[in-house]
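Taking the numbering used here, the leading residue of the sequence shown gets 695, the next gets one more, and so forth.
For every residue, glycine included, the Cβ atom is placed at its ideal position computed from N, Cα and C.
Source: prediction; values computed, not measured.
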Amino acid sequence: MNPIFVTQPYLPPLEEFIPYLEQIWESKTLTNRGPMHQRLEKELCDHLGVEHISLFANGTLALVTALQALRITGEVITTPYSFVATAHSLLWNGLTPVFADIDPVTLNLDPKKIEAAITPKTTAIVPVHCYGTPCDIDAIQTIADNYNLKVIYDAAHAFGVKRNGQSILKAGDLSILSFHATKVFNTFEGGAIISPDAKTKQRIDQLKNFGFVDEVTVVAPGINGKMSEVNAAFGLLQLQHIERAMARRAEIDAMYRTRLAGVPGLRLLEQPMPGNTSNHSYFPVLVGPDFSVTRDELYHLMKEQGIHGRRYFYPLISEFPMYRHLPSAQPGLMPVAQGISREVLCLPIYPALTDEEVHRIADTVCFAATVQHKAAA
Ligand SMILES: Cc1ncc(COP(=O)(O)O)c(C=O)c1O
């Protein structure tokens, strides 16, 4: 049987990409805000329902630049339950991450824990819309307003997610996206910053281009964060397919929910509230103490059957060597994140996953649920 991996990038038919490449060959513009780059910025604004987007070579450079753009200093409150790039972007800016615990239902930063972590050195909050589930953006904004803090959302997972009919990417001061190959919308590698106004976008566009304002003026120690024309062209093609790809993800999500509802000890994340949308970018399950085997036993049992889930996010960011010395990284301070990271397993979800494969995965999980606990055996 073919191995099934946790994700597989969406690739439109190759022949559909050739005309885009021909245009690039014709224009001889390979990068530096060329025609494809400009078109993709415009089409993404229309698709996502936002006004100002700056494209980047990847999401990590977008995060690093977003922090630069708002001149963040000192301490930044963030989640330990994320991909390591969230916190790495702080270190790249010489900032101190302050980890706060997560909410057990949304798995996003718990606003009450944010407030408790604020010190005189705190200047910003970097929450993550984990798995595309919106953070409690109202509570976070209230805290930010009360303490005069900036909010930069790591929305790497939240492409196309809406809350009360509005793009979640409009929350906070800035949001960043990742278009990495594993994401619902990919440009091979890529990312973006969503700005609230043209002036902020202009500063970000300068920062991603070495700080150049014009041919002879450099106003900041900017980086090379530009997205190339080939990546932008691929994004334009992906946009032609995105509705169908998202619809298939929703079908797979629904199949899993039907098959796995009520399995003892297995918790699924909640469905979005009415008026909100999900992009079904991940399908995490939480393998609790009442499940027949441990999370790691389930992970290995599936692997033996050729099904490669991912313990995503495990370990916590705060457990990596460059973070664990921090006072906020002490395990006792984040019991929820610790527990979730030991229970989580992301099941495969991607548009090309067939119904048969979804059933094969669900069968394997259901079979595991009947296995006698090794410790008890
Ligand atoms: C939550 C989160 N933040 C940031 C990133 C970094 O994005 P990129 O890989 O495009 O640099 C990723 C994923 O890769 C992510 O999952």
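For A875, same chain residues with a beta-carbon under 8 Å away, outside a window of 5 residues either side, are P703, F882, E883 in chain order.
In this structure, ligand 1 has a non-hydrogen atom nearer than 7 Å to the beta-carbon of H851. Our two residues, V907 and L901, have alpha carbons roughly 9 Å apart in a direct line.
For a cut-off of 8 Å, the C-beta gap from L715 to A926 is around 12 Å, too long to register as a contact. The beta-carbon distance between D891 and H746, rounded to whole angstroms, is 7 Å. This is short enough to meet the 8 Å contact definition. Under the DSSP assignment, G885 falls in the beta strand (DSSP E) whose first and last residues are 885-889.
The Cβ neighbour count for T1048, taken over all protein chains shown within 10 Å, is under 16; the residue is labelled exposed. Taking 8 Å as the cut-off, the beta carbon of P1042 is found closer than this to the beta carbon of I698. Across the structure, S922 and G885 are spaced so that their CA atoms are roughly 11 Å apart.
Along the length of the region 735-786, whole alpha helix (DSSP H) runs at least 4 residues long occupy 753-763, 779-786, reported in chain order. For F699, the beta-bridge partners assigned by DSSP are H1002.
The beta carbon of A811 sits closer than 7 Å to the beta carbons of I771, V792, A794, S1022 from its chain, once the five residues preceding and following it are set aside; these are given in chain order.
Taken through DSSP and simplified to helix, strand or coil, Y993 comes out as helix. Within 10 angstroms of the beta-carbon of F1061 lie fewer than 16 other beta-carbons, which makes it exposed. Looking at the DSSP output, S869 sits in a beta bridge with Y847, I888. Rounded to whole angstroms, the Cβ separation of L933 and E710 is 12 Å, and the two are not in contact under 8 Å. DSSP places R961 inside the beta strand (DSSP E), whose first and last residues are 960-962. In the three-state DSSP reduction, T813 falls in the coil class, being neither helix nor strand. In the three-state DSSP reduction, P791 falls in the strand class (E or B).
With a cutoff of 8 Å on beta-carbon distance, A852 and H823 are scored as near each other. S748 places its beta carbon 8 Å or farther from that of D848. Secondary structure note for V979: it is in no alpha helix (DSSP H), and the uninterrupted beta strand (DSSP E) holding it is 977-981. When C-alpha distances from F1014 are compared across S776, I712, P814, T1064, the shortest belongs to S776.
The three-state reading of DSSP puts T894 in helix, counting H, G and I together.
R765 is the residue among D740, C1040, N840, R765 whose C-alpha sits nearest the C-alpha of G916. Remark: C-beta atoms of Q860 and V845 do not approach each other more closely than 8 Å. The residues P706, in chain order, have a CB closer than 6 Å to that of H935 in the same chain once the five nearest residues on each side in sequence are set aside. Looking at T988, L1010, V913, E937, the one whose alpha-carbon comes closest to that of Q1024 is L1010.
Taking C-beta separations shorter than 7 Å and ignoring five residues to either side along the sequence, the partners of V799 in its chain run E964, following chain order. The three-state secondary structure of Q860, taken from DSSP, is strand.
Here the C-alpha atom of I808 lies approximately 28 Å from the C-alpha atom of F873.
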